[in-house]
Amino acid sequence: MSDMDRRTFLRNAAMATAAAAVGSTWPVRGQDLESRGKRLPGAEGVAPLPGVEWHKAPCRFCGTGCHVQVGVKEGRVAAIAGDPQAAVNKGLLCVKGYHVGGILYGEDRLREPLLRKNGKLVPIGWDEAIDIIARRILRAPEKFGFYGSGQWTIPEGFAAQTFMKAGLSNNNIEPNARLCMASAVTGFLSTYGVDEPASCYDDLDVCDVVIMWGNNPAEMHPVLFSRIVDRRSRGETVQIVDLTTRTTRTSQQADRVLFFEPGSDLAVANGIAHILIRDGTWDREFVERYCNFRGDSDPRTLWGKPITFDEYKAFVSEYTPEKVAKISGLSVEDVEFLGKLFGDRERKIVSLWCMGMNQHTQGTAINNLVHAVHLLSGHWGKPGDGPQSLTGQPAACGTAREVGTLCHALPGGRVVMNAKHREQCEKLWNVPPGRIKGKPGLHTLALWREFCTPGGAVDTIWVQVTNPGQSLPNAHELFLKKKDLPEKFLIVNEVYPTKTTELADLVLPASLWVEKNGVYGNSERRTQQWFKMVEPPGQARDDCWTTIAVAHRLYELGFPGMKDKDGKFLFRVEDDAGKEVPVWKWEHYYDVNVDEVLYERYRPFTHMKHKNVAPYRELVKARGLRWPVVEQRDGSWRETRWRFVEGDDPFVEKGKGIQFYHSRTKDDRALIWFRPYVPPPEVPGDGYDMWLCTGRVLEHWHTGTMTGRVPQLQRAMPRAYAELHPEDARALGVSNGDVITISTRRGEIRLPVWINGRGRPRKGSIFVPFFDAETPINELTNDAHDPFSKQPDYKKCAVRVGKRSPE
Amino acid sequence: MSDEAPPSSAESSTADAPDPAPADAAEPAAPDRKAPGSASPRRSLKAYGLIGYGALCVALAGYVTGLAQLKEPPQRSFSAPPPSLSEEGLLPAPSYRELPNLRRGPNASFESRIDELREDVPAPTDPVVVDEDQRRAAAAALADRRAYEGAPPLVPHPVDAQDVAACLVCHEAGKDVDGVLAPAVPHGHELGNCTQCHAPPAPTFFAAAEPPPANTFEGARAPLHGERAHPLAPPVIPHATLMREDCRACHGVRARPGLRTTHPWRVNCTQCHASGTGFAR
């Protein structure tokens, strides 16, 4: 080998990454050059893939919040790896995560703005599109609604929130997260006085028992599930108790599978409380120090009324194991098993839940009750011992909950109903007093109902980063009616054609994932940042830019709300010299890091409720940081693993042990709730004699807009199906692959049967995943919802199943 | 880190010089690599190594052949032998009690012989002839099931059982059944949930309503050969070893032809072959 060869090799093999990074055209200019420079020495070892430059990003999909290494080659994503430095996933991903790069390159990516003319979507220019939106809003700002997402990045959500509440004085802003975690929010709020989990994923590494409350993490949060079951491979013992209504992949690895009747989880939780009191195994010391009791008021409210321990005792005394067994279908022995499990303080217990408890007409109540059994038994606040709610979307916590893109919320855990909160936000946004309206806007179901009603209170909805046409329940009522309402105007930012764009009047092509800068926040309070790595296709642009561009167009048209108190543009961004950067012009959008500017503007909002998120620059260096993140004396920033726990949470006073410092009762105590079992509103009968449960599968994410474009995932799960119990299939005379009709009081679809496949429902119930646009099961689901969280119940309604009639 | 790796590996390889060269050292005329000009030090050193190696091989081959002749040749027929008839000249009728444990059908003997076939793997000392075509075929086979270099391969067969033990029956050490390879698990530590990353195909009755839209993702592929700092240096590993910590899975005695190492008895691979990811910090 010549000298030349050797030199080439040394350069390629030893310094490939550094060399590539120096020579690359990094899209983020300005303030980030320095932080980018800091990344350079990060390249690890030899770089085996020639021409591939690696960057960090959180995965695009679920709320787990894995970090991936993204390999970029010649301006395109060409490889993915689990990030070994990420505490969440420790180098592992799931099949979706490994194929996340493919979501950018489906051939039907939307590439240009499209306007519906004479029933057909035709290409128009961006300037015209922005102008159309601005003038539509100008016509009737109060009839406008913004429908976003738990996949909005934090800056995107903050921009939309600012645009609506501080700009338009309109509270009709909602995220699709209303459909996925609203009950978890109301559960945390009414228990601890403040939203979001106190525990973290570290618990999964040290707990002795995991109880899955209607949860199937083997498919929905696979990396977290692996974090549990891999412990067994290492020789540790961890018991998995699967409380479920159907056999899933999680059940297959569970030590104990307990089947309960749909909706009866409230009775089960109350049964556990009953046994704890009956046997005297509740944690008297913990409860006396840290808890108050609370029960339902009349009428029922989110906050209920204080009750005494004796009253609480009397309430739960009704839930004898025999009664619970009768309601739930569990055996008396099973109920006793659960009660004794919580009564054993030697074993550390984690409860996991997600959609099973949240998409529930008693979602708030069951959330309250699971917190209650943990508090009552003292299984709380120690590593490996506590309740952990999981979210479905990558920024359901970060954006929907923390930025508060809900119709009643303001950033940082504030609400529009509170005058002081409004005043604080007006000050931080630098808008005149009274700009923010004090009345909550329309929640998701009401927003879409009004939109689908002739002359309703909403005539224009702008959808970003979500697909309501496929994910709203009872879609015939809440979405498809738009077809016959030409006076209503639907604007959609999307990456691919969807059920929503089918009815849209204006479709805007959007940048996706690493085609833009972003910040997400996962289920364990971890805020995660990434940089743009590749260019979006065609004329696709960032959602955040679109919002700012429309705001500026409104500003140009003289709309007063788009000016701050000093008459300046609401989204004014300045360079280091104090000169305004015209970020509303796409060609200047990346002159500065708008993400960093918006995030830093948002950060002070998070301090009041002690949700202090880390500075952007710290996020750049980390694989996410769990708030509250507080600066130390040495200038470093420290994250928090267990909230409200002395020694870990910096806001807990010395000597307090555990301090619920946002307690509803203002005495640093959490509330142990009693909520009674209430039967589901629609139960099988009257010709609709089976239960229908809907949900997700491992290979597809939500409505399949992205994963449906990835050949490897499509090969594994090409279409939706109906899971039937073998006996029900026999009675119906159908076998694998036969098509059946499924109808509810709201609609009908046809699906092939899969018996003993991915999951197995109990006799008398069926399961259908909702990812497939060809068979939109949400045309059949019920929009009955929790009274406090307004979250609909996708998990149970009455259905009729029939063999396909000959055509 | 990165700038240290090549010199240190070069050093260790010099010490190893008389040993058989690693897999890709034995193909100076590989089509994608330039043949060295005139007689190079590499040549003479290699010749020296080869003579020693040849002598060793002859001795070993004779020994192994002799041993092999003592055994019956391996049975390579997978069709079930015809059932023997009873004394009355009737086909055997298994009792209901026997039925659940009986293996029947065309694959009955196939399954029952898997363990037997495992014995048929080459000995670590069997000589390995490095064939560039085989290597290319092996790389193509690996790429065929992966979206990009480093992606978890898709499962080419249905999966009935979710527990890891079921997968490990064939994939723990790997199996080569008449040329059909069940690759060994390369993960350095045992994981608990195989189908989380490795997706089996959908059931055959599950035809998609419509084919999915085309996708233009182009996965990066690993080079066929790791680079060498100099002709005698052991090549660096031309792919990331994340999730592939056990090199034997792809380069051991059961490896695809073309990927097999010439020195499978050495178990501390990264002692000489530098590895890395190039990941961002």
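Protein sequence lines correspond, in order, to chains C and G. So in our numbering, spot 128 of the first sequence is number 128, and the numbers just go up one at a time. For any residue, its number in our numbering is found by taking its place in the second sequence, counting from 1, and adding 1000. By construction, the Cβ of each residue, glycine as well, lies at the ideal position given by its N, Cα and C atoms.
Start and end residues, beta strand (DSSP E) containing residue i
| i | result |
| --- | --- |
| Ser743 (chain C) | 739-744 |
| Gln239 (chain C) | 239-244 |
| Thr694 (chain C) | 690-695 |
| Gly802 (chain C) | 797-803 |
| Asn820 (chain C) | With chain C running from 1 to 807 in the structure shown, residue 820 (chain C) is simply not present. |
| Trp673 (chain C) | 670-674 |
Range covered by the alpha helix (DSSP H) that runs through residue i
| i | result |
| --- | --- |
| Asn358 (chain C) | 355-358 |
| His476 (chain C) | 475-478 |
| Leu92 (chain C) | First-last for Leu92 (chain C): undefined, no H or E at that position. |
| Glu311 (chain C) | 309-317 |
| Phe571 (chain C) | Counting along the chain, Phe571 (chain C) falls outside any alpha helix (DSSP H), and DSSP gives it neither H nor E. |
| Lys340 (chain C) | 332-343 |
Reduced DSSP secondary structure (H/G/I, E/B, other) of residue i
| i | result |
| --- | --- |
| Gly558 (chain C) | coil |
| Val465 (chain C) | coil |
| Arg1268 (chain G) | Looking at the sequence shown, residue 1268 (chain G) is not Arg but Asn. Coil. |
| Met717 (chain C) | coil |
| Arg435 (chain C) | coil |
| Asn593 (chain C) | coil |
| Pro604 (chain C) | helix |
| Glu426 (chain C) | helix |
| Ala622 (chain C) | coil |
| His408 (chain C) | coil |
| Gly1278 (chain G) | coil |
| Asn368 (chain C) | helix |
| Cys1197 (chain G) | coil |
| His1263 (chain G) | coil |
| Glu346 (chain C) | coil |
Length of the line joining the Cα atoms of residue i and residue j
| i | j | result |
| --- | --- | --- |
| Trp673 (chain C) | Gly384 (chain C) | 23 Å |
| Leu224 (chain C) | Tyr520 (chain C) | 18 Å |
| Pro497 (chain C) | Ala129 (chain C) | 18 Å |
| Pro1282 (chain G) | Val630 (chain C) | There is simply no residue 1282 (chain G) to check, as chain G begins at 1001 and stops at 1281 in what is shown. |
| Lys855 (chain C) | Lys482 (chain C) | Because chain C here runs from 1 to 807, residue 855 (chain C) falls outside it and cannot be looked at. |
| Arg1135 (chain G) | Ile749 (chain C) | 50 Å |
| Val209 (chain C) | Leu258 (chain C) | 15 Å |
| Arg809 (chain C) | Cys1170 (chain G) | Chain C is shown only over 1 to 807; residue 809 (chain C) falls outside these bounds and no answer can be derived. |
| Leu243 (chain C) | Ala198 (chain C) | 23 Å |
| Trp213 (chain C) | Phe188 (chain C) | 16 Å |
| Phe788 (chain C) | Val194 (chain C) | 15 Å |
| Arg746 (chain C) | Leu266 (chain C) | 27 Å |
| Gly63 (chain C) | Lys796 (chain C) | 23 Å |
| Glu1245 (chain G) | Thr1261 (chain G) | 15 Å |
| Asp1160 (chain G) | Pro681 (chain C) | 37 Å |
| Ile1051 (chain G) | Pro711 (chain C) | 51 Å |
Partners in chain C for residue i, counting only beta-carbon separations shorter than 9 Å
| i | result |
| --- | --- |
| Gln1162 (chain G) | Ala218, Arg249, Gln252, Gln253 |
| His1239 (chain G) | Pro48, Leu49 |
Cross-chain neighbours of residue i in chain G, by beta carbon under 8 Å
| i | result |
| --- | --- |
| Val52 (chain C) | Ala1220, Gly1278 |
| Ala716 (chain C) | Leu1154, Ala1199, Pro1200, Pro1201, Ala1202 |
| Glu699 (chain C) | Ala1199 |
Per DSSP, the bridge partner or partners of residue i
| i | result |
| --- | --- |
| Arg760 (chain C) | C:Thr247 |
| Asp1176 (chain G) | G:Leu1181 |
| Arg526 (chain C) | C:Arg626 |
Interface partners of residue i on chain C, CB under 8 Å
| i | result |
| --- | --- |
| Leu1242 (chain G) | Ala81, Gly82, Pro84, Gly91 |
Contact set between residue i and chain G, taken where Cβ atoms lie within less than 7 Å
| i | result |
| --- | --- |
| Val808 (chain C) | No answer is possible for residue 808 (chain C): it lies beyond the span of chain C, which begins at 1 and ends at 807. |
| Cys66 (chain C) | Those do not exist, as Cys66 (chain C) stays about 12 Å from chain G at its closest Cβ, beyond 7 Å. |
Beta-carbon neighbours of residue i, restricted to chain C and to distances below 7 Å
| i | result |
| --- | --- |
| Ala1166 (chain G) | Those within 7 Å of Ala1166 (chain G) in chain C number zero; the least Cβ separation is about 11 Å. |
| Thr1216 (chain G) | Tyr105, Glu107 |
| Pro1212 (chain G) | Gly708, Arg709, Pro711, Gln714 |
| Gly1150 (chain G) | Ala79, Ala81 |
The ligand FMN heavy atom lying under 6 Å from the CB of residue i
| i | result |
| --- | --- |
| His360 (chain C) | This structure simply doesn't include the ligand FMN, nor any ligand for that matter. |
Contact with chain A by residue i, beta-carbon distance below 7 Å
| i | result |
| --- | --- |
| Cys354 (chain C) | Looking for chain A here will not work: the only protein chains present are C and G. |
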